[in-house]
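Asker:
In our numbering, the protein residues as written are 205 to 289.
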């Protein structure tokens, strides 16, 4: 039998899904947080065995979620470059 519980509308609206980030995403978060202004990093998609577009999109999503408006991201061939201005 299904258990149903009454809750307030405010409680229902405030609930959010919590998902633990994948290890690769957690690694990118640490790299981005440790990036100093004026510092640039490069990720070679060949060595990561991922598509460069996937890496770039992941970094762009993290840029938005971490509110890093000063982060620039650029893809050149199989490399993804990013830097903080």
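We put the CB at the ideal spot given by N, CA and C, even for glycine.
Bear in mind the structure is a predicted one, so any value in this text is a computation, not a measurement.
Just reading off the beta strand (DSSP E) that residue 280 is part of, what are its end residues?
Answerer: Residues 275–280.
Asker: Taking only the alpha-carbon atoms, compute the straight-line gap between residue 207 and residue 224 and give it to the nearest angstrom.
Answerer: The straight-line gap from Cα to Cα measures roughly 27 Å.
Asker: Would you identify the three-state DSSP class for residue 285, choosing helix, strand or coil?
Answerer: Residue 285 falls in the strand class under three-state DSSP.
Asker: Quickly, what does DSSP pair residue 244 with across the bridge? List them, please.
Answerer: Residue 244 is bridged to 287.
Asker: Would a C-beta distance cut-off of 8 Å place residue 260 and residue 280 closer than the cut-off?
Answerer: Cβ atoms of residue 260 and residue 280: not closer than 8 Å.
Asker: Please work out which residues of its chain come closer than 6 Å, Cβ to Cβ, to residue 256, disregarding the five sequence neighbours upstream and downstream, and give them in chain order.
Answerer: Once the five neighbours on either side are set aside, the close Cβ partners of residue 256 are 249, 279, 282, 284.
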